[in-house]
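See below for the structure under consideration.
Chains as they are written, first to last, in our numbering: chain A, 1 to 213; chain B, 1 to 373.
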């Protein structure tokens, strides 16, 4: 069942990890992952996170990425990446093939988010999902004031050229977890690279969930 | 560097057909130094018409078929790795094939040469590795028919292959691929000079073999690359083209004729028949329930590459391999590279291929060290 209590263990992305990986969601993810596990990163880009995990946590790392140029960079880095899309990138894998499946900042871009999440929890023991929170106060404010599709630091695109096709909030994700019967093991909320403790649905720019089926 | 092929003779080779071939010669070359631990060897496998001369310049002044990829500082960096290449069984460039002397008759085998398979070729290469004292290969790599041998190596000798790089290849030929090969074989056999394969010491079936090669070259290029290279340019003055006027021709015709006639000088027509048949009959999954089952026992990490404009070995065939590997949870990286050069891309359009292979080999070597320590 889904738990709604705050995590008991605090994970603070070390400044070192953050400075190496630049992105605060990456920093949290890398702190979450146990050493010597099997990882699959969906939408792994040029493999920066995976290469870091491979080097520092001795994980067995795999990735899926659509962009050929990024796949090339990742393979050149020594990460085993498969060129393909996320929507059906998991089909081939057997159940429980990985310890963690990572989906970082991509959930809002896939065509069928629920199908992808279910597949993640079939193929992986745990899923790590990071996404930009559409419920952030600035998004709400911009929408309220402009009356147009909100453009913010987090959602910088025009409505017609945005890769984001599903907009979700912290609240939405937690509600889905309850209805699907997933257990949220840990959750982290970040704004301006700082932890958000209170009112995450309003205050968090980025949410990171560690989910178990 | 000037390189020369060497020849080693083995007592015998048991073939898939049941026939035991005695003796068997293998022509091979190597580039770079084998380290003391013998752990830096890479076996490179040639495509249909290739040979042992993969890199450097030979005494004829000819560069190796993958010279763009093999050498100091190149993808297969000979400052780090020892790269080995040998001519395939059934070939005509130093390794035993239909043009070799049959010890029982003292005359060339011709069509009495036994049928050979991709798996036979690989077992002969394994003998060569034994002879060189190489137990485990850092990598096996090759494109087209070379890629088939890579797959066969990974399945037949899982403990001997750390990394496998099959490029622009397939686990089995499609009807289209078999069809093109059959056109080539029929062209050879339709030439009266072929004479049932008995042309050694007389006139070889040059016209048939040359036509076969012309068809082959068309399949190695792409519509784009042919348009770019030849367009509709004429070789002679632009005049009305009379079909009988053989001097006034399109550049593409002239090119194909040139490549066809050049091929005749270095390739044996019977080898053409035997090797294309071996490719057509290759099916990695034969003897197994499925392709996935065949790949189940592999231990290598894979780098699978295909090219956008390669219509002879299209990307879907690489994806079949990748998908089967993923279903068995094997370590596989895959990328479809952008190129206009068609099937030839793996030989000529090597900039991106170089980055990928270099990075993949480096991480394989790192892994090996990490595991050893």
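For every residue, glycine included, the Cβ atom is placed at its ideal position computed from N, Cα and C.
Rounded to the nearest angstrom, what separates residue 98 (chain A) and residue 64 (chain A) at their Cα positions?
14 Å
For residue 127 (chain A) and chain B, any beta-carbon pair shorter than 8 Å?
no
What are the start and end residues of the alpha helix (DSSP H) that includes residue 119 (chain A)?
113 to 123
On the three-pair Cβ rule with 8 Å, is the stretch 117 to 131 of chain A touching the stretch 82 to 101 of chain A?
yes
Any residues in the stretch 89 to 103 of chain A with a beta carbon nearer than 7 Å to a beta carbon of chain B? Which ones, in chain order?
92, 93, 94, 97
What separation, rounded to the nearest whole angstrom, lies between the Cα atoms of residue 173 (chain B) and residue 45 (chain A)?
33 Å
The stretch 62 to 69 of chain B contacting the stretch 100 to 120 of chain B, beta-carbon criterion three pairs below 8 Å
no
If contact is defined by three or more beta carbon pairs under 8 Å, each pair taking one atom from either stretch, is the stretch 337 to 357 of chain B in contact with the stretch 29 to 46 of chain B?
no
I need the boundaries of the beta strand (DSSP E) containing residue 139 (chain B), first residue and last residue.
137 to 143
So which residues on chain A does residue 285 (chain B) lean against when the C-beta distance must stay under 9 Å?
Going along chain A, no residue has its Cβ under 9 Å from residue 285 (chain B), so there is no contact; the nearest lies around 16 Å.
Grouping DSSP H, G and I as helix and E and B as strand, with all else coil, what is residue 255 (chain B)?
helix
Output, in chain order, the set of chain A residues within a Cβ distance shorter than 8 Å of residue 359 (chain B).
75, 76, 77, 78
6 Å Cβ shell around residue 51 (chain B) - same chain, five flanking residues per side excluded:
87, 93
Environment of residue 153 (chain A) [buried if 16+ CB atoms lie within 10 Å]:
exposed
At a CB-CB cut-off below 7 Å, which residues of chain B make contact with residue 71 (chain A)?
335
Find out if the Cβ-Cβ distance for the pair residue 211 (chain B), residue 124 (chain B) is shorter than 8 Å.
no
Any beta carbon of chain A sitting closer than 8 Å to that of residue 317 (chain B)?
no
Compute the Euclidean distance between the alpha carbons of residue 206 (chain A) and residue 34 (chain A), then round it to the nearest angstrom.
22 Å
Should residue 10 (chain A) go down as buried or exposed, given a rule of 16 or more other Cβ atoms within 10 Å for buried?
Confidence at residue 10 (chain A) is low in this model, with a pLDDT of 44, below 50, so its placement is unreliable and no value can be given for it.
Residue 191 (chain A) by DSSP, collapsed to three states: which one?
strand
May I ask which residues mark the beginning and end of the alpha helix (DSSP H) holding residue 109 (chain B)?
Element bounds for residue 109 (chain B): n/a, residue is neither H nor E.
My understanding is that residue 39 (chain A) touches residue 62 (chain A), with C-beta atoms under 8 Å, so please give their C-beta distance in whole angstroms.
7 Å
Taking Cβ-Cβ distances shorter than 8 Å, what residues in chain A pair up with residue 338 (chain B)?
68
Which residue or residues does DSSP assign as beta-bridge partners of residue 63 (chain B)?
B:57
Relative to the C-alpha of residue 319 (chain B), which residue among B:310, B:330, B:306 is closest?
B:306
Give the range of the beta strand (DSSP E) segment to which residue 104 (chain A) is assigned.
98 to 104
Looking only at its own chain, which residues have a Cβ that is under 7 Å from the Cβ of residue 5 (chain A), when we skip the five neighbours before and after it?
Low local confidence applies: a pLDDT of 42 at residue 5 (chain A) is under 50, so the model's placement there is unreliable, with the coordinate-based value given in what follows. So no residue of the chain qualifies.
Give a yes or no on contact between the stretch 212 to 219 of chain B and the stretch 184 to 203 of chain B, applying the rule of three or more CB pairs nearer than 8 Å.
yes
When you compare the CB of residue 178 (chain A) with every CB in chain B, is at least one pair closer than 8 Å?
no
Helix, strand or coil at residue 180 (chain B) [DSSP, three-state]
helix
For residue 301 (chain B), which three-state DSSP category applies?
strand
Chain-order list of residues whose beta-carbon lies under 6 Å from that of residue 146 (chain B) (same chain, five-residue window excluded)
45, 46, 47
Residue ranges of each alpha helix (DSSP H) run of no fewer than 4 residues wholly in the stretch 10 to 93 of chain A, ordered along the chain?
15 to 21, 24 to 32, 48 to 57, 68 to 77
Find the residues of chain A that neighbour residue 301 (chain B), judging by a C-beta separation of less than 8 Å, and give them in chain order.
80
Residue 147 (chain A) versus residue 199 (chain A) - alpha carbon distance
24 Å
On the three-state DSSP scale, how would you describe residue 41 (chain B)?
strand
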